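J.: Numbering (my numbering), first residue to last: 39 to 434. Positions of the beta carbon are idealized from the N, C-alpha and C atoms, including for glycine. These numbers come from a predicted model, not from an experiment. Okay, here's the structure, questions in a sec.
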Ligand code: CTP
C-alpha cells in the first residue's frame with residue numbers, strides 16, 4: 039500500500055490512518071511531500087509502519103525510487119490530498135517523489151481531499167476532481183466541519199476509519215468481475231433512409247463505453263457492441279461495430295448466449311424508415327415521405343428468452359417530478375424482465391445524451407434502489423458493476 043501524505047493540517051490524521059492500515063494487515067509505504075513534513079515528521083510514520091517514510095525523489099542513489107514504489111503498490115491512497123496535489127495528478131505533473139510515483143503507478147487510487155471550502159468549491163478543483171474520477175480514482179470526503187484558521191464548511195478530510203473502509207472496498211472490488219462474460223452495447227444506431235441519410239439520435243456512447251471499461255478493469259471478458267459515430271473505446275476491449283438496430287440485434291443475441299450479463303446502454307433507435315432507397319434521393323424529386331416502422335426491441339427479446347443470466351437496461355425519461363420518473367422506471371424494469379434498470383433523466387440542459395454527467399437512479403428487480411442523483415459516467419459505471427458483482431456471486 040502506498041500512502042501519500044501532502045501538506046495540510048489533516049496530515050496529523052494520516053498517522054491514525056497509517057496505524058489503521060497496518061492493523062488491517064497492509065504493508066504500508068509512506069511518501070510525504072515536502073510541505074507535509076512541516077505538519078508531521080517522517081519518523082512518526084516510520085515508527086507507525088515499521089519502514090522508512092520517503093520524501094525525496096533522489097533518496098536512493100542509483101535506484102529509481104518512484105518506479106519501485108509504483109510497481110510495489112497494490113493500492114495508493116493520498117490522505118490528505120491538497121488542492122495542489124489534485125491539480126498535479128489531474129494534469130500529470132510529476133515534480134516530486136509522490137506525484138512521480140503516482141504517475142507511474144497503475145494500481146487503484148483513493149484520494150481523501152482536505153482543503154478550505156473556497157479551494158474545494160473552486161471550478162478548477164471541481165474540474166480536477168472530475169478528471170480524476172473519470173480516470174477511475176475514488177474520492178472519499180471531504181466532510182463539512184471545522185477547518186484550519188477557525189473556519190467551518192466542507193473541506194475537512196474524511197475520518198481515517200472511513201478512508202480505511204473505502205480503501206478496503208476498492209482493494210476488494212479490484213477483480214470482482216474476473217471470469218464474467220459481459221456484453222455491453224453503446225452509442226446510437228443509424229437507420230438508413232438512403233445511402234447518405236439516416237435517422238439517428240444524440241447518443242455519444244460514453245455511458246456504455248464507461249461500463250465496458252469498468253467491467254474490463256475489474257477482470258471481465260467484455261464484448262463492446264458499438265454504434266456509429268460514438269466515442270473511441272479504450273484499448274484492450276473486444277469491439278464489434280454495428281450501424282443499425284437490426285445489426286446490433288444480431289451481434290448481441292449471438293454474444294449474449296451463455297453470457298453472465300448484457301448491459302444495454304445503447305440508444306437503439308425505436309423506429310427505422312420502412313424502406314431504404316438504394317440510390318441517393320434527389321432534391322428535384324421533392325421532399326420524400328419517410329414512413330417509420332418499429333425496430334426489434336433487443337432488450338425485450340433478451341428478457342423473454344433469458345439468454346444471459348443478468349440483464350441491465352437503460353431508460354431515458356422526461357418527467358415533471360422525480361416520483362413520476364421512478365414510477366416509469368419501475369414499470370419498465372418489470373415489463374422487460376430486467377435485473378437492473380438505470381433511469382436517466384433527459385430533457386434538462388447538461389445531463390443525459392452527450393453530457394459528462396447523468397441524473398440517474400438505479401432500480402433493481404429485488405426492489406432495492408440507488409436514489410436519483412447526479413453521477414459522472416465513471417461513477418455510474420462503477421455502481422452498475424458493483425451491482426453486477428453482487429448479483430453474480432450467488433450464481434457461481
Ligand atoms: N432498447 C433495445 N432495443 C430497441 C430499443 C431500446 O434493446 N429497439 C433498449 C435500450 O438499449 C435501453 C432500453 O431498451 O436499454 C430502453 O428502453 P425503451 O423502452 O426504448 O425506453 P426509452 O428509450 O426510454 O423509450 P420509451 O420510453 O419511448 O419506450
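Beta carbon of residue 334: closer than 7 Å to some heavy atom of the ligand CTP?
T.: Answer for residue 334: yes, Cβ within range of the ligand CTP.
J.: What are the start and end residues of the beta strand (DSSP E) that includes residue 400?
T.: Here the beta strand (DSSP E) through residue 400 covers 395–402.
J.: Going by DSSP, which residues form a beta bridge with residue 91?
T.: Residue 91 pairs with 68.
J.: Classify residue 314 as helix, strand or coil using the three-state DSSP reduction.
T.: Reduced to three states, the DSSP call for residue 314 is coil.
J.: Please list, in chain order, all residues of the same chain as residue 285 whose beta carbon is under 6 Å from its beta carbon, the five residues on each side excluded.
T.: Answer for residue 285: no residue qualifies.
J.: If contacts are defined as beta-carbon pairs under 8 Å, then residue 232 and residue 370 qualify, I think. What distance do you get, rounded to the angstrom?
T.: No, residue 232 and residue 370 are not in contact; Cβ-Cβ is about 33 Å, not under 8 Å.
J.: Give a single yes or no on whether residue 79 has its beta carbon closer than 7 Å to a heavy atom of the ligand CTP.
T.: No; taking the cut-off as 7 Å, the Cβ of residue 79 has no heavy atom of the ligand CTP nearer than that.
J.: Can you tell me which of the three DSSP states residue 111 falls into?
T.: Residue 111: coil per DSSP, three-state reduction.
J.: Could you say if the region 86–106 and the region 130–142 meet the contact criterion of at least three C-beta pairs nearer than 8 Å?
T.: Contact holds: three or more Cβ-Cβ distances are below 8 Å.
J.: Can you grab the Cα-Cα spacing for the pair residue 309 / residue 207, in whole Å?
T.: If you take the alpha carbons of residue 309 and residue 207, they lie about 43 Å apart.
J.: Could you tell me the alpha carbon to alpha carbon distance between residue 117 and residue 150, rounded to whole angstroms?
T.: If you take the alpha carbons of residue 117 and residue 150, they lie about 5 Å apart.
J.: Quick one: is residue 144 buried, meaning 16 or more other Cβ sit within 10 Å of its Cβ, or exposed?
T.: Exposed, since its Cβ has fewer than 16 Cβ neighbours within 10 Å.
J.: For the alpha helix (DSSP H) containing residue 171, list its first residue and its last residue.
T.: Note, residue 171: alpha helix (DSSP H), 161–172.
J.: So the candidates are 422, 429, 235, 218; which of them puts its Cα closest to the Cα of residue 325?
T.: When each option's Cα is compared against that of residue 325, the closest is 235.
J.: Please say whether residue 43 and residue 85 have beta carbons closer to each other than 8 Å?
T.: Going by C-beta atoms, residue 85 is not nearer than 8 Å to residue 43.
J.: How would you call residue 330, buried or exposed, if buried means at least 16 neighbouring beta carbons within 10 angstroms?
T.: Under this definition residue 330 is an exposed residue.
J.: Pick helix, strand or coil for residue 434, following the three-state DSSP scheme.
T.: Confidence at residue 434 is low in this model, with a pLDDT of 36, below 50, so its placement is unreliable and no value can be given for it.
J.: Run the proximity test for residue 352: is its beta-carbon closer than 7 Å to any non-hydrogen atom belonging to the ligand CTP?
T.: Checking the Cβ of residue 352 against the ligand CTP gives yes.
J.: Which of the three DSSP states is assigned to residue 417 in this structure?
T.: Helix, per DSSP.
J.: Which residue comes first and which comes last in the alpha helix (DSSP H) that contains residue 198?
T.: From DSSP, the alpha helix (DSSP H) with residue 198 extends over 198–211.
J.: Identify, in the order they occur along the chain, each residue of the same chain with its Cβ nearer than 6 Å to the Cβ of residue 337, setting aside the five sequence neighbours on each side.
T.: So the qualifying residues of the chain are 302, 351, 374.
J.: Who are the near neighbours of residue 382 in its chain, counting only those whose CB is closer than 6 Å to its CB and skipping five residues on each side?
T.: Taken in chain order, the residues that qualify are 354, 390, 396, 398.
J.: Apply the 10 Å Cβ neighbour rule to residue 159 and answer buried if 16 or more other Cβ atoms are within range, or exposed otherwise.
T.: With fewer than 16 other Cβ atoms within 10 Å, it is exposed.
J.: So, are the CB atoms of residue 424 and residue 348 less than 8 Å apart?
T.: No, these two residues do not count as a Cβ contact at 8 Å.
J.: Less than 7 Å between the CB of residue 337 and some heavy atom of the ligand PLP, yes or no?
T.: With respect to small molecules bound, the structure shown includes the ligand CTP and not the ligand PLP.
J.: Does the region 405–422 come within contact of the region 243–252, defined as at least 3 CB pairs closer than 8 Å?
T.: Flag = yes, the region 405–422 and the region 243–252 touch.
J.: Cβ-heavy atom distance between residue 355 and the ligand CTP below 7 Å?
T.: True, at least one ligand heavy atom lies under 7 Å from that Cβ.
J.: Give me the Cα-Cα distance between residue 304 and residue 131, rounded to the nearest whole angstrom.
T.: C-alpha separation (whole angstroms): 36 Å.
J.: Is it right to say residue 320 is buried, meaning 16 or more other beta carbons lie within 10 angstroms of its own, or is it exposed?
T.: Result: exposed.
J.: Give me the residue from 142, 101, 134 with the minimum Cα distance to residue 113.
T.: Taking only the C-alpha atoms, the option nearest residue 113 is 142.
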